[in-house]
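A quick write-up on the structure given underneath.
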Amino acid sequence: MARSGPVITIDGPVGAGKSAVSQRVAERLGLPFVDSGLLYRAVAWLALERGVALTDPAALAALAELPRLQIVGDRVLDGDRDLTTFVHQPEINWNLSAVSSQPEVREAINRKLRQLAGGGVVMAGRDIGTVVFPDADWKFFLTASLEERVRRRAAQFQRRGEPADQASMTQEVGDRDRADSERSVAPLKPAPDAVVIDTDGVPLDEVVDQIVATVRRSSR
Ligand code: DC
């Protein structure tokens, strides 16, 4: 599909800072930002709401295909219902790998994601540079140690006034890392042509500066 703007992909594991970094990169470059994880979260949330079995791939894919399930700006909507705040509830996190390991669900979500890139986009996720946009103009992959990523998540929860139990967070982040990296479809890994940035101990603004500088340096 012809696009009128560049596609920049920012992948990485839980808590590597993808969303915060991508949002700022998008602002600086005047592009829309799309957080692809919102669609996986929304499918898990709808499945729990409707009592759809997480072991039923066809039923999960049918949820992912619902035309009214869409990302609009930084929100995920089910028609006129805004699901964004619900989909970050902790119980959703435990159900994500059942949803994201299903190829049919991934294909339905990928179709929606590709429709959002017509004017250029900064998109964050796990497989955006490898599967969703293998032809992206720039690809980045953010990493950080498990300890640092748990620290960041705990700080994020504390800022929102939510309880943050370090031990259960370490367990959850470690489990999701394993599920994301070891699944057979679209596993979490850098694209061969991605710039890998280790963000351990690096302030967010420096990561943003590095990405923006890379894009500007090689823009025609
Ligand atoms: O980025 P996040 O933690 O909000 O993503 C939620 C889940 O969705 C994550 O555990 C893995 C899955 N996901 C995925 O498999 N592929 C993507 N491109 C984005 C998210």
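For the sequence shown, my numbering gives the first residue as 301, with consecutive numbering after it. A virtual CB, placed ideally from N, CA and C, is assigned to each residue, including glycine.
- Ranking 389, 512 and 445 by CA distance to the CA of residue 495 puts 512 first.
- Secondary structure of residue 457 (DSSP, three-state): helix.
- In terms of side-chain proximity, the C-beta atom of residue 422 is found no nearer than 7 Å to any non-hydrogen atom of the ligand DC.
- In chain order, 429, 430 and 439 place their CB closer than 6 Å to the CB of residue 491, counting only its own chain and leaving out the 5 sequence neighbours on each side.
- The C-alpha of residue 358 lies about 45 Å from the C-alpha of residue 517.
- CA-CA distance, residue 379 to residue 472, rounds to 31 Å.
- The DSSP assignment places 318 to 329 as complete runs of the alpha helix (DSSP H) inside the segment 308 to 339, in order along the chain (cut-off: 4 residues).
- Residue 365 sits close to residue 408, with the two beta carbons spaced by under 8 Å.
- In the three-state scheme derived from DSSP, where H, G and I count as helix and E and B as strand, residue 500 is classed as coil.
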